[in-house]
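With the UniProt record's numbering applied, the sequence shown has no gaps in its numbers, which climb one by one up to 345 at the end.
Input: a single structure, listed below in structure tokens.
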Amino acid sequence: MTPWSPPAPAITPVPGAPEAAPGYYGIPVVHKAHWGWLIVAYFYLGGIAGGAFVVAAVAHLVGPEEDRRVVRAGRYVSLAALLPCPVLLVLDLGRPGRFWRMLSTVRWRSPMSTGSWGITVFGLFSASAAVIQAAEDGLLGRGRVRGAARGLPAGAIAAAGTPFAFFVAGYTGVLLAATAVPLWFKNALLMGPLFLGSALSNGTAAVSLALAVVPGTPAATQARLAQLEQATAVAELAVLGASRARLGETAAPLTKGRLGALVRYGVVGTGLVAPMAIRAVSHRGGRRPARTTTATAATLTLIGGFLLRYAAVAGGQRSADDPAATFAMTRSAQRPDAAPGASRR
């Protein structure tokens, strides 16, 4: 016989008291990624490297002869932006051995593993393209090194390296999405395209800025670069808008408070809308803009690209600290009408 016990008294909520957070009583459900400025810089510079390589490769393969300046600048910018990336990654990992351990095996389902290999292979193509350009510019002297560099197949390197450049430009967004952080996971389908679009925009802006430093760039080349910058900015803005609609209330870390203001006025206003307006006005009527105008628009784009990656990382960390966002994400993933593959975690 079960011993009798008095019923538990009903608990009456105190009027005006805040509701308890669901689940873990306000304690974060998932562990946030403790990434800081090193990873933000790694994401940013890797995007510029990939984007600049694509611009140079396209100009080399299908561009007119007058666009040789674009090829030259893109090759140098790509390698210059890529060189700090392994250092930043090793510093964030803490020990060089951890980076080499990721290269010891290839795990195709791991964005971290494939990313490490991708940036390594891309580095070979980027360095080869820069060496070819240095030989053409007479920076390698007149010996065997210059002869060997000039013998490298520039067209094949541009064509074969472009897929890896696209990969490096966009894989960091996929890396973020492959986590249980609500802000990144719920926008998994668009994180890669968002980072890819920003990388192409930033890479084009970096090439444009490099060409604006020295005089002599043909007006037609400047106009084509400006058109490419406008197209990539529009694409990035469209993916940002689609991401906002897809996230719904989960986007709160990026729409409220100081971080929300940073996204509105820094990423969108400074990094996208302002450069687009400057280019539209400066190129109106087929006019040739001043180099300072071109440099200003490119610099604003680059600032916006950095702020985008900072906001994505910081917003994800805040999202991980919110248990309500995590439980809302899991509920939506369990619905019958949830996106395919959404419940795999």
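Backbone N, C-alpha and C fix where the C-beta goes; we use that ideal spot for every residue, glycine too.
How is residue i classed by DSSP in three states: helix, strand or coil?
i	result
H34	coil
P86	helix
H283	coil
T142	For the sequence presented, residue 142 should be read as Arg rather than Thr. Correct three-state label for R142: coil.
V181	coil
A56	helix
L79	helix
R264	helix
P153	coil
A148	helix
A290	coil
R309	helix
P64	coil
G51	helix
D321	coil
D137	coil
G316	helix
G161	helix
R69	helix
T172	helix
T301	helix
T296	helix
P18	For P18, the predicted model reports a pLDDT of 41, less than 50, meaning its position is unreliable and no value from the coordinates is stated.
P105	Checking the sequence, you will find Thr at residue 105 rather than Pro. Note: T105 maps to coil in three-state DSSP.
G94	coil
Can you tell me the Cα-Cα spacing of residue i and residue j, whole angstroms?
i	j	result
A199	T299	14 Å
G316	S243	14 Å
M112	L175	7 Å
I48	A233	14 Å
F195	G46	10 Å
Y310	T114	23 Å
C85	A149	24 Å
V281	V62	28 Å
L79	A205	15 Å
E65	V267	35 Å
G74	V181	35 Å
P215	L140	24 Å
For residue i, is the classification buried or exposed, using 16 other Cβ atoms within 10 angstroms of its Cβ as the cut-off for buried?
i	result
P22	In this predicted model, P22 has a pLDDT of only 48, less than 50, meaning its place in the structure is not dependable enough to derive any value.
D67	buried
T292	exposed
T105	exposed
K186	buried
L254	buried
W203	Note that residue 203 is Gly in the sequence shown, not Trp. G203 should be labelled buried.
A219	exposed
L272	buried
H34	exposed
Check each candidate in the options and name the one with the smallest Cα separation from residue i.
i	options	result
L302	I119, A41, G36 and W37	A41
L82	F125, K186 and G141	F125
V145	S128, I157, G155 and A156	S128
R72	K186, L89, A134 and V87	A134
residue 346	G257, D137, T250 and T162	The chain is shown from 1 up to 345; residue 346 falls before or after that span and cannot be answered.
G155	A130, N202 and L139	A130
I39	L254, G51, S78 and V87	V87
S116	I132, G94 and V90	V90
T172	I132, G304, Y44 and A160	Y44
W184	A52, A314 and G36	A314
G51	W37, A277, L225 and V268	L225
G170	M276, A290 and P193	P193
A59	R142, L228 and A212	L228
G118	I278, L140 and F164	F164
L308	T294, R264, T296 and M276	R264
Q230	L140, A320 and M276	M276
Indicate, with yes or no, if the ligand GDP has a heavy atom lying under 7 Å from the CB of residue i.
i	result
A158	Absence of the ligand GDP from the depicted structure is noted, as is the absence of any ligand whatsoever, leaving it without description.
Just to confirm the assignment: which complete alpha helix (DSSP H) runs, minimum length 4, are found wholly within the stretch 188-262? The stretch 188-262 contains these whole alpha helix (DSSP H) runs: 188-213, 219-247, 252-255 and 257-261.
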